[in-house]
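Protein chains in written order, with this note's numbering: chain A, 1 to 216; chain B, 1001 to 1233. No residue lacks a Cβ here, since even glycine has one placed at the ideal position from N, Cα and C. On a predicted model such as this, the values are computed, not experimentally measured, just so you know.
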Amino acid sequence: MKKLDRKQMAARVAQDIPEGAYVNLGIGLPTLVADFLPKGREIILHSENGVLGIGPRPAKGEEDEDLINAGKEPVTLLAGGAYFHHADSFGMIRGRHLDYCVLGAFQVSAAGDIANWHTGAPDAIPAVGGAMDLAVGAKQVLVMMEHLTKEGSSKLVERCSYPLTGARCVNRVYTDLAVIDIKADGFHLVEILAEGLSFDELQRLNGAALKYRAAA
Amino acid sequence: MGDNSRPMINKFFATPEAALADVPDGATVMIGGFGNAGMPAELIDCLIAQGARELTVVNNNAGNADAGLAALIGAGRVRKILCSFPRQADSWHFDKLYRAGKLELELVPQGTLAERIRAAGAGIGGFFTPTAFGTLLAEGKETRHINGRDYVLEYPIHADYALIKADRADRWGNLTYRKTARNFGPIMAAAAKCTVAQVRETVELGELDPETVVTPGIFVKRVVRLASLRKAA
Chain A
1 MKKLDRKQMA ARVAQDIPEG AYVNLGIGLP TLVADFLPKG REIILHSENG VLGIGPRPAK
61 GEEDEDLINA GKEPVTLLAG GAYFHHADSF GMIRGRHLDY CVLGAFQVSA AGDIANWHTG
121 APDAIPAVGG AMDLAVGAKQ VLVMMEHLTK EGSSKLVERC SYPLTGARCV NRVYTDLAVI
181 DIKADGFHLV EILAEGLSFD ELQRLNGAAL KYRAAA
Chain B
1001 MGDNSRPMIN KFFATPEAAL ADVPDGATVM IGGFGNAGMP AELIDCLIAQ GARELTVVNN
1061 NAGNADAGLA ALIGAGRVRK ILCSFPRQAD SWHFDKLYRA GKLELELVPQ GTLAERIRAA
1121 GAGIGGFFTP TAFGTLLAEG KETRHINGRD YVLEYPIHAD YALIKADRAD RWGNLTYRKT
1181 ARNFGPIMAA AAKCTVAQVR ETVELGELDP ETVVTPGIFV KRVVRLASLR KAA
C-alpha cells in the first residue's frame, strides 16, 4: 500500500472546495491546502485574526509584521480582501457564515466528535485557540489528518478517548488512506486514496465500522 | 490651537510612563495583539518598569520569547492570565511559572474570549454561545437548549486598563488600525475603564476620515505616540 504524503492530502482536500466558498484553514497541516486550491477558482480564505481574502505567501523581504494569519505566518491580501476585529471574525465563524473549515485532529469519532486540542495528559499545558469555535460554527467541518497514529492505532474511533473540541460536528475526514464521511449511522467510505489498499484492509485498520455503498 | 481660555480635550500623553503611572497592583489589564501584530510592546515595557504587581492579564496568548508580554510574565508581575493559546514553542516564561503553580490560567476559546470582551464593552451581562458545549471548558457552566441547539452561558470580561496598539490617532482618541494588527484592539478599548493606545502617528482633529475611524474616541482615555520599533525581517 502507498499512503498519500502531506502534499497529496492537501491537494485532495483542495479539489473539494468549490468556487465562491468562504473557507478557514486550521493551523498546521490544513494550511497546506491553500497551496493546492485549483487555479481559476475564486475561493475566499478567512483567518481568525481578522482577515478575509488571504493571498499567497509574500516574497522574501516583503513580509509585513502587521499582516499575518492565525498561525502567525506572514501572508498577503488579495484585491477585495478585508480586515475586521476579533469579535467580528468569530461572529463570522459562530454565526454560520463560513462554508468550510479544515481542521487537524488527534481523533474523530463515528458520531462526528472531534478531539484536537488536548491530549488529556496531566502535565500538558492546554491551548485551544479558535478550534472550538470553528468546530461548532462552520457549515461544513472537514478534518485532515493521518489515518493512524505513530503507534499504528486508528485516529478514527468509535468514541474519542481525548477531551473533545466539539461534539457531533465533523462532516468529512481526509486521511492519507481514504476520504470518509460521517453520517447519522457512522463512518461511510467515500474514496480509498492509498494505492493498493483494499476495503477489507482499510476496515481492519479503521477503529470503527466502515460502511460502503457502491456509487449508484 | 484656538481660544486658550476654553479647555480642550487632549488625550495625548507625552510619554508611556505618564500614561501608565497610575496602574495599581492587582489591576486587570487587557493587552492587545495577536502574536506580535498589534502588540503594544513599548507600553508593556513601560508597565514592567512601572512595577505594578499581581496583575490579571487578558491577551490571546501568554507571550512569545523574551519580549513584551513574555517579559512581563517572566518578571513575575502576573498572577493570572486569561487567554486562548498559552502554549507555544517559545512561551517558556509562561510554561515555567505555570508548571511551578505561580501563575493561574483561565483558558478560554478564542471566540468566547473575544465575545466576552465585546460583551463587557457593550454592557451585556452574559450570553449563550454554542462554543465548547460538551467539552472540558464548559464543565460546571450553565447551559441551555435554545431552538434545537445547546449553548453555554458566558460572562463579560471587564478590565481596569487596556493597552493597545493602533496606527493613527487624534487628540480626541479616535483610532485607526493597520491590517491584522487591529485584532483585539477595538473590543478591548471598549471593555476597559482606562484605555491607553500607543500609535504610530498623531494627527490634527479632522485629519482622520470619519468613515475610517475604527475605534471612536469615546473608548480611549490616553494616547501615546511611539515610533514603532520594527524588527528586521
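| At a Cβ threshold of 9 Å, is Ala1132 (chain B) touching chain A? | yes
| task | Determine the burial state of Phe1133 (chain B): buried for a count of at least 16 other Cβ atoms within 10 Å of its Cβ, exposed for fewer. | result | buried
| Name the DSSP bridge partner or partners of Pro1007 (chain B)? | None; Pro1007 (chain B) has no bridge partner.
| said: Taking its Cβ as the centre, do 16 or more other Cβ atoms sit within 10 Å of Asn49 (chain A), making it buried, or is it exposed? | reply: buried
| Between the CA atoms of Met1030 (chain B) and Pro126 (chain A) - distance to the nearest angstrom | 21 Å
| Euclidean distance between Cα positions of Pro1216 (chain B) and Gly152 (chain A) | 56 Å
| Would you call the CB atoms of Thr1202 (chain B) and Val1220 (chain B) closer than 9 Å? | no
| When the distance is taken between beta carbons, is Ala1162 (chain B) closer than 9 Å to Val1196 (chain B)? | yes
| Does any residue of chain A bring its CB to less than 9 Å from the CB of Thr1195 (chain B)? | no
| Should Thr119 (chain A) be labelled buried (16 or more other beta-carbon atoms within 10 Å of its own) or exposed? | exposed
| query | Does the beta-carbon of Ala1233 (chain B) have 16 or more other beta-carbons within 10 angstroms, so that it is buried, or is it exposed? | reply | Residue confidence is low: Ala1233 (chain B) scores 34 on pLDDT, short of 50, so the model does not pin down where it sits. Its coordinate-derived value is still stated next. Classification for Ala1233 (chain B): exposed.
| task | Go to Asp1167 (chain B), then tell me how far its beta strand (DSSP E) extends in each direction, as first and last residue. | result | 1159 to 1169
| Buried versus exposed call for Gly1123 (chain B) [16 or more other C-beta atoms within 10 Å across all chains shown] | exposed
| For Pro1024 (chain B), the three-state DSSP class (helix, strand or coil) | coil
| said: With a threshold of 8 Å, are at least 3 pairs of Cβ atoms found where one atom belongs to the segment 1010 to 1018 of chain B and the other to the segment 201 to 211 of chain A? | reply: no
| field | Arg1200 (chain B): CB within 8 Å of a non-hydrogen atom of the ligand GDP | value | The ligand GDP is not among the ligands present in this structure, which contains no ligands whatsoever.
| Counterpart residues of Phe1013 (chain B) in DSSP-defined beta bridges | B:Val1224
| said: When you compare the CB positions of Arg1149 (chain B) and Pro1130 (chain B), do they come within less than 9 Å of one another, or not? | reply: yes
| message | When you compare the segment 106 to 124 of chain A with the segment 177 to 187 of chain A, are there three or more beta-carbon pairs, one atom per stretch, that lie closer than 8 Å? | response | yes
| Alpha-carbon spacing of Glu1142 (chain B) relative to Val1152 (chain B), whole angstroms | 6 Å
| query | What are the boundary residues of the beta strand (DSSP E) that includes Thr1135 (chain B)? | reply | From DSSP, Thr1135 (chain B) is part of no beta strand (DSSP E); its letter is neither H nor E.
| the segment 38 to 61 of chain A: positions lying closer than 9 Å to chain B by Cβ | Ser47, Glu48, Asn49, Gly50, Val51, Lys60, Gly61
| request: Quick one: which unbroken beta strand (DSSP E) runs of 3-plus residues sit fully inside the segment 36 to 66 of chain A? Chain order, please. | output: 44 to 47, 51 to 55
| said: For Ser47 (chain A) and Ala1138 (chain B), what's the separation of their Cα atoms in angstroms? | reply: 24 Å
| task | Name, in chain order, the residues that DSSP records as bridge partners for Phe1085 (chain B). | result | B:Asn1061
| task | Grab the span of the alpha helix (DSSP H) containing His1145 (chain B) for me, first residue to last. | result | Element bounds for His1145 (chain B): not the alpha helix (DSSP H) but the beta strand (DSSP E), 1143 to 1146.
| Extent of the continuous beta strand (DSSP E) to which Met9 (chain A) belongs | Per DSSP, Met9 (chain A) belongs to no beta strand (DSSP E); it is in the alpha helix (DSSP H), 6 to 15.
| message | In this structure, how does DSSP classify Lys1237 (chain B) when only helix, strand and coil are distinguished? | response | No answer is possible for residue 1237 (chain B): the residues shown for chain B start at 1001 and end at 1233.
| query | Which bits of chain B does Gly129 (chain A) rub up against, with CB to CB less than 9 Å? | reply | Asn1060, Ser1084, Phe1085, Pro1109, Gln1110
| Same chain, Cβ closer than 8 Å to Ile1081 (chain B), neighbours up to 5 away in sequence not counted | Thr1056, Val1057, Val1058, Asn1059, Ala1062, Ile1073, Phe1094, Leu1103, Glu1104, Leu1105, Glu1106
| query | Run through DSSP, which three-state label would Gly20 (chain A) get? | reply | coil
| task | Could you have a look at Thr1202 (chain B) and say whether DSSP puts it in helix, strand or coil? | result | strand
| message | I want to verify the contact list: residues of chain B whose CB lies under 7 Å from the CB of Arg94 (chain A), in sequence order. | response | Gly1111, Thr1129, Pro1130, Thr1131
| If you compare alpha carbons, which of A:Thr149, A:Leu103, A:Lys139, A:Met145 is closest to Gly129 (chain A)? | A:Leu103
| request: Starting from the beta carbon of Pro1186 (chain B), find every residue of chain A whose beta carbon is closer than 7 Å, and list them in chain order. | output: His85
| query | Using a Cβ-Cβ distance under 9 Å, would Pro122 (chain A) count as near chain B? | reply | no
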